[in-house]
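Peer 1:
Numbering (the working numbering), first residue to last: 20 to 168.
Structure (structure tokens):
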């Protein structure tokens with residue numbers, strides 16, 4: 020398996036970063052969540068994702084919007100949205116990881132803002148189901164996030 024490196028070159032004493040490698044989530048929904056939280060303050064993004072997990076709020080679907088139902092209200096000029104529970108849970112794990120990295124560097128959590136978040140295709144695992152003689156492909160996604168003050 021290939022070692023995944025950061026594609027963002029943002030680093031320094033005022034930045035913290037984290038990565039999920041080969042997370043078993045949909046790349047399409049990971050891209051939509053990334054575009055929803057890009058540019059937000061870190062603590063506000065965490066609260067937003069927790070509201071989505073409780074189904075009080077929704078993630079707007081901008082790119083992969085075919086056959087997606089409309090939700091009550093408008094967010095960012097978009098009416099269609101989803102509650103992506105599995106993807107949101109993995110993003111919350113990533114945010115917790117980044118918060119720990121920022122505390123280790125001595126950064127103030129209330130001043131952190133998400134400056135870079137990206138989701139890309141990961142390794143596709145193949146499995147053969149013996150009796151039926153078919154192959155099953157398992158998807159995975161790489162997610163990386165950088166925050167700075």
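We put the beta carbon where it would ideally sit given N, CA and C, even for glycine.
Nothing here was measured: the structure is a model prediction, and the numbers come from that model.
Pick helix, strand or coil for residue 220, following the three-state DSSP scheme.
Peer 2: This structure cannot speak to residue 220, because the chain is shown only from 20 to 168.
Peer 1: In three-state DSSP terms, what is residue 145?
Peer 2: By 1-based counting over the chain shown, the position of residue 145 is 126. Residue state, collapsed to three classes: strand.
Peer 1: Would you tell me roughly how many angstroms separate the C-alpha atoms of residue 114 and residue 99, rounded to the nearest one?
Peer 2: Position 95 of the chain shown, counting from 1, holds the residue named residue 114. Position 80 of the chain shown, counting from 1, holds the residue named residue 99. Computed Cα separation, rounded: 25 Å.
Peer 1: Three-state secondary structure (DSSP) at residue 98?
Peer 2: For the purposes of this step, residue 98 is taken as the residue at position 79 of the chain shown. Residue 98 falls in the strand class under three-state DSSP.
Peer 1: Among the residues of its own chain, which have a CB less than 7 Å from the CB of residue 49, if the five just before and after it don't count?
Peer 2: As a working note, residue 49 is residue 30 in the chain shown. Excluding positions up to five away in sequence, the list reads 106, 138, 160, 162.
Peer 1: Give me the Cβ distance between residue 87 and residue 134, rounded to the nearest whole Å; I'm assuming they're in contact under 8 Å.
Peer 2: Locating residue 87 in the chain shown gives position 68, where the first residue counts as 1. Locating residue 134 in the chain shown gives position 115, where the first residue counts as 1. Not confirmed; about 28 Å, so no contact.
Peer 1: State the CB to CB distance for the pair residue 126 and residue 60, rounded to an integer number of angstroms; the pair is presumed to be in contact (CB under 8 Å).
Peer 2: The sequence position of residue 126 within the chain shown is 107, counting from 1. The sequence position of residue 60 within the chain shown is 41, counting from 1. Contact doesn't hold; Cβ gap of about 13 Å is too wide.
Peer 1: Taking all protein chains shown into account, decide if residue 66 is buried (16 or more other Cβ within 10 angstroms of its Cβ) or exposed.
Peer 2: Here residue 66 refers to the residue found at position 47 when the chain shown is read from its first residue. Result: exposed.
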